[in-house]
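S.K.: Residue numbers (our numbering): 231 to 450.
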């Protein structure tokens with residue numbers, strides 16, 4: 231029986247209404263004719279329902295970067311670069327493949343220099359091109375998400391299972407163990423559970439793989 235390949239869902243952009251309002255304000259009083267790039271943030275999270283798209287959410291906090299889109303518990307950060315061409319023609323002329331390549335190199339650099347071990351979100355990158363017409367209050371935008379292409383096909387070790395099916399029987403026992411660990415950590419002045427260790431091990435696995443950045447672009 232052949233192994234089942236692990237499939238990855240591409241990101242789709244999702245902008246809150248307040249994001250557009252804040253972008254308009256900044257374009258008028260701060261950015262003006264500057265085309266950037268500017269640092270912005272986005273966030274994604276695991277939904278409770280199956281079949282939901284992978285959304286990169288941007289809101290008014292995206293311009294603060296550190297808290298952009300991180301309203302939902304369990305959200306993860308994406309680091310982005312925002313370009314603001316001053317005309318639609320300039321936007322169409324921009325080399326999107328090159329922008330994606332440069333963004334992917336930043337993620338790869340974080341994997342190679344150990345920065346991703348401290349902050350795995352540095353591996354999550356995106357590029358945003360937005361033309362803002364303040365007179366008509368219209369926006370033309372394009373988002374790109376560089377990805378890491380592994381040298382080998384990733385396959386599933388076994389069929390996927392729902393978390394509820396896996397942890398349902400042992401939930402009470404696990405909650406008791408976590409509570410005991412927290413109490414012991416509180417008495418000793420230290421934390422016995424470090425969720426960051428799991429992220430570091432995941433990031434370390436990424437670093438040890440010989441991967442190359444594969445970029446894709448969408449024509450406007």
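The C-beta atom is built at its ideal place from N, Cα and C for all residues, glycine as well.
Could you check whether the stretch 280-288 touches the stretch 235-253, counting it as contact only if at least three pairs of C-beta atoms, one from each stretch, sit closer than 8 Å?
M.R.: yes
S.K.: Leaving out five residues before and five after residue 352 in sequence, what residues of the same chain have Cβ atoms less than 6 Å from its Cβ?
M.R.: 340, 345 and 346
S.K.: When you compare only the Cα positions, how much space is there between residue 332 and residue 383?
M.R.: Approximately 25 Å between the Cα atoms of the pair.
S.K.: Where do the N-terminal and C-terminal ends of the beta strand (DSSP E) with residue 342 fall, by residue?
M.R.: No beta strand (DSSP E) holds residue 342; the alpha helix (DSSP H) holding it covers 326-342.
S.K.: So does the stretch 355-367 actually touch the stretch 308-325, counting three or more Cβ pairs closer than 8 Å?
M.R.: The stretch 355-367 vs the stretch 308-325: in contact.
S.K.: Tell me which residues share the same chain as residue 236 and place their Cβ nearer than 6 Å to its Cβ, disregarding the 5 neighbours each side in the sequence.
M.R.: 384 and 386
S.K.: Is the CB-CB distance between residue 263 and residue 316 below 9 Å?
M.R.: yes
S.K.: According to the Cβ coordinates, are residue 461 and residue 396 closer than 9 Å?
M.R.: Nothing about residue 461 can be reported from this structure: the residues present for the chain run from 231 to 450 only.
S.K.: Could you tell me which residues DSSP puts in a beta bridge with residue 255?
M.R.: Looking at the DSSP assignment, residue 255 forms no beta bridge with any residue, so it has no partner.
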